[in-house]
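Here is the structure we will look at, set down as C-alpha cells.
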Amino acid sequence: MQQQNFLDSEGVKSIVVGLPFAYVNQYDIKTNKIKRIPRSLLIMPPHSLPYTNHSFDEKRYIDDILKIKDKFDIVVACVHRSCFDKGLWVKIFEKYNIPIIIGADVTDKSGLLRMSRIFRSLNM
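Numbering (our numbering), first residue to last: 162 to 285.
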C-alpha cells in the first residue's frame, strides 16, 4: 500500500496488485501434491509477445547457463508461448538438451495454475 500511496502522491494513477499465480487454488499446497525437485534449476529467458519483434542474444544467454548447468541435476527452460510459436529460444535449448516447458499466456485459462505449479516444482 505504501507504493500506491507514493505513486498517487506523485500523480501516478496506480492500483496495488500481487503475484497473480498466488491467487490460484491452494489445493496443491494443502495436500502437498507438488514436490520441489531437488537440485533443479528453472530458467526463464526474456520473452516476446505476439505483436512484438525481438532479437535476443540467445548464445550469450545459454553460455551463462552452461557455466552453472553442472551444479544441477536438471535444468528446465520456461518459455513464453509467443516465443515458442515464433521459434525463439527453442533451437538453442534443444541444442544443449535443456527441456522446454511453455509458460503462461493471457488466452490460457489454466496459465496461472500451471505457473504456480512450475514455481513450486523447480528452483529458480
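Note that the Cβ used here is the ideal one computed from N, Cα and C, for glycine as well.
Please read all numbers here as calculations on a predicted model, not as lab measurements.
DSSP places Leu203 in the strand class (E or B) of the three-state scheme.
For Val267, no alpha helix (DSSP H) encloses it, and the DSSP letter there is neither H nor E. If you look at Ile279, you'll find it isn't in any beta strand (DSSP E); it sits in the alpha helix (DSSP H) that goes 272-282. Per DSSP, the continuous alpha helix (DSSP H) segment holding Ile229 begins and ends at 219-229. Spatial neighbours of Ser282 in its own chain (CB-CB distance under 7 Å, excluding positions within 5 residues in sequence) are listed in chain order as Ile195, Arg197, Ile198. The three-state secondary structure of Ile253, taken from DSSP, is helix.
Beta-bridge analysis with DSSP links Ile235 to Ser201.
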